[in-house]
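133 is the number that my numbering gives to position 130 of the sequence shown; each next residue is one higher, with no gaps. From the three backbone atoms N, C-alpha and C, an ideal C-beta is built for every residue, glycine too. Every value quoted in this text rests on a predicted model; they were computed, and no experiment measured them. Report on the structure given below.
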Amino acid sequence: MNRPKILIIYTGGTIGMIQDKNGVLQPFNFENLLSYIPMLKDFPAEISSYSFETPIDSSDADPDFWVEIVEVIEKNYDHYDGFVVLHGSDTMAYTASALSFMLENVNKPIILTGSQLPIGLLRTDGRENMISAIELASMQRDGKPVIHEVCVYFESRLYRGNRTTKYSAENFDAFRSPNYPWLAQAGIDVKVEEDKLWTSKNAPLVTHKKLCRDIAVLKYFPGIQPKTIEAIINIEGLRGLIVESYGSGNLTTNDKIIKLFEEAIDKGITILNITQCTVGSVVHGKYATSLKLMNCGVVSGKDMTIEAAITKMMFLLGMDCPKDKMKQLLMQSICGEIS
Ligand code: ASP
Numbered sequence: 004m005n006r007p008k009i010l011i012i013y014t015g016g017t018i019g020m021i022q023d024k025n026g027v028l029q030p031f032n033f034e035n036l037l038s039y040i041p042m043l044k045d046f047p048a049e050i051s052s053y054s055f056e057t058p059i060d061s062s063d064a065d066p067d068f069w070v071e072i073v074e075v076i077e078k079n080y081d082h083y084d085g086f087v088v089l090h091g092s093d094t095m096a097y098t099a100s101a102l103s104f105m106l107e108n109v110n111k112p113i114i115l116t117g118s119q120l121p122i123g124l125l126r127t128d129g130r131e132n133m134i135s136a137i138e139l140a141s142m143q144r145d146g147k148p149v150i151h152e153v154c155v156y157f158e159s160r161l162y163r164g165n166r167t168t169k170y171s172a173e174n175f176d177a178f179r180s181p182n183y184p185w186l187a188q189a190g191i192d193v194k195v196e197e198d199k200l201w202t203s204k205n206a207p208l209v210t211h212k213k214l215c216r217d218i219a220v221l222k223y224f225p226g227i228q229p230k231t232i233e234a235i236i237n238i239e240g241l242r243g244l245i246v247e248s249y250g251s252g253n254l255t256t257n258d259k260i261i262k263l264f265e266e267a268i269d270k271g272i273t274i275l276n277i278t279q280c281t282v283g284s285v286v287h288g289k290y291a292t293s294l295k296l297m298n299c300g301v302v303s304g305k306d307m308t309i310e311a312a313i314t315k316m317m318f319l320l321g322m323d324c325p326k327d328k329m330k331q332l333l334m335q336s337i338c339g340e341i342s
């Protein structure tokens with residue numbers, strides 16, 4: 004039987020960092036990383052690795068960095084059965100969400116993982132995360148990968164990437180997928196929830212590399228000044244605004260503020276409503292405090308995470324699709340980001 008071919012792409016993050024003389028964690032060269040897990044050479048998969056020339060702390064991630072990851076995957080797509088992307092945990096949920104939109108029709112596992120402690124430390128969580136991610140990426144049935152989507156693997160669980168959010172800055176169990184169940188759990192056995200997996204179209208991979216950065220996020224809070232909202236919607240070249248609302252998408256009935264949103268929409272800015280709650284969904288019209296928003300043309304982001312909402316907006320604005328199509332696509336699931 005042929006061993007699945009897996010490419011590990013090291014982009015940076017704590018997993019591959021060492022402390023400099025001042026005790027500050029800095030990314031270092033990946034060649035050393037594999038030497039910390041020598042048993043990988045006996046793994047029932049053919050493992051190759053690729054390291055970014057300049058690995059980064061993921062807090063420096065941006066759309067150009069996502070394009071770089073997409074290009075490495077695209078170049079190697081036909082030669083490998085699965086990809087494990089080693090990435091810092093801070094913005095892993097953003098990268099996973101972005102990749103899910105940028106890699107259309109993906110029919111192989113793209114699993115992002117990393118760690119809270121560097122792999123060189125005795126108590127590292129990086130070793131288990133990396134080994135289980137490789138095991139999941141290698142899973143095949145009838146010679147075909149079992150997983151065909153962008154995922155995050157962290158502390159025993161595999162999640163749909165565009166459903167994740169970083170939840171803890173101190174626990175190994177750092178991620179949550181608040182509105183979608185996990186896809187697999189690694190205990191004594193690795194148990195995959197097959198009915199939860201994304202079913203890919205049998206179509207060639209299409210990559211999207213144009214992302215629009217002319218967007219902003221407005222976190223609403225009691226007492227926000229209309230002039231703050233006005234300043235944001237008057238940012239030169241702004242094309243998309245994500246408003247983080249309360250509860251099930253509620254904001255205000257204050258006509259002065261609703262008028263500002265109306266003016267922004269008239270100027271061509273797309274406004275998307277995402278709840279500040281971690282669990283649950285925007286339901287326009289449930290309360291009077293969301294009805295006015297809906298009536299003035301604000302789009303419901305339903306139960307998308309903020310990470311999925313930001314990257315989806317960048318992606319759709321980058322495609323320059325017509326306004327109505329854009330609104331429709333924002334409200335419907337493209338690759339499993341909405342229930
Ligand atoms: N600051 C690091 C990063 O996101 C944290 C981590 O790797 O978990 O790159």
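Contact test: residue i Cβ vs the ligand ASP heavy atom, cutoff 8 angstroms
i, result
"T231", "no"
"G15", "yes"
"G117", "yes"
"T127", "no"
"T57", "no"
"D81", "no"
"D23", "no"
"S61", "yes"
"M133", "no"
"M95", "yes"
"G164", "no"
"S92", "yes"
Contact test: residue i Cβ vs the ligand HEM heavy atom, cutoff 8 angstroms
i, result
"I18", "Annotation note on the ligand HEM: not contained in the displayed structure, which lists the ligand ASP as its ligands."
Neighbourhood of residue i by C-beta, 6 angstroms cutoff - its chain only, sequence neighbours within 5 removed
i, result
"G243", "I218, T273, M316 and L320"
"I227", "none"
"L294", "G288"
"N343", "Since the first and last residues shown for the chain are 4 and 342, residue 343 lies out of range."
"E158", "F175 and D176"
Own chain residues within Cβ distance below 7 angstroms of residue i, not counting five before or after
i, result
"W280", "Here residue 280 turns out to be Cys, not Trp, going by the sequence shown. For C280, where only same-chain residues beyond five positions count, the Cβ hits under 7 angstroms are G250."
"N253", "Y290, T292 and S293"
"V286", "S251 and G252"
"Y170", "A177, F178 and R179"
"S118", "T17, I18, T127, D128, G129 and N132"
Supposed close pair residue i, residue j - CB separation, criterion 8 angstroms
i, j, result
"A2", "E196", "It is not possible to answer for residue 2, since the shown part of the chain is limited to 4 through 342."
"W185", "R160", "5 angstroms"
"I113", "I18", "The pair is not a contact, with the Cβ atoms about 17 angstroms apart (cut-off 8 angstroms)."
"N108", "L208", "6 angstroms"
"G26", "S61", "Contact flag wrong, Cβ pair sits at about 20 angstroms."
"S284", "K305", "5 angstroms"
"Y156", "T98", "At roughly 13 angstroms, the Cβ-Cβ gap does not stay under 8 angstroms, so Y156 and T98 are not in contact."
Own chain, CB closer than 8 angstroms to residue i, minus 5 neighbours either side, in chain order
i, result
"A291", "T256"
"I40", "I122, R130, M133 and I134"
"L235", "Before going on, a small fix: residue 235 reads as Ile here, not Leu. Hits under 8 angstroms: A219, L221, L241 and L244."
key: Ordered list of alpha helix (DSSP H) runs contained in the region 260 to 305, each at least 4 residues   = 291 to 298
query = Which runs of the alpha helix (DSSP H) fall wholly inside the region 35 to 115 and span at least 4 residues, in chain order?
reply = The qualifying runs are 66 to 79 and 95 to 105.
task = Run through the region 168 to 215 for me and flag every whole beta strand (DSSP E) of 3 or more residues, listed as ranges in chain order.
result = 187 to 189 and 193 to 195
key: Contiguous alpha helix (DSSP H) assignments of at least 4 residues, all confined to the region 127 to 171   = Within the region 127 to 171, the complete alpha helix (DSSP H) runs of at least 4 residues are 129 to 141.
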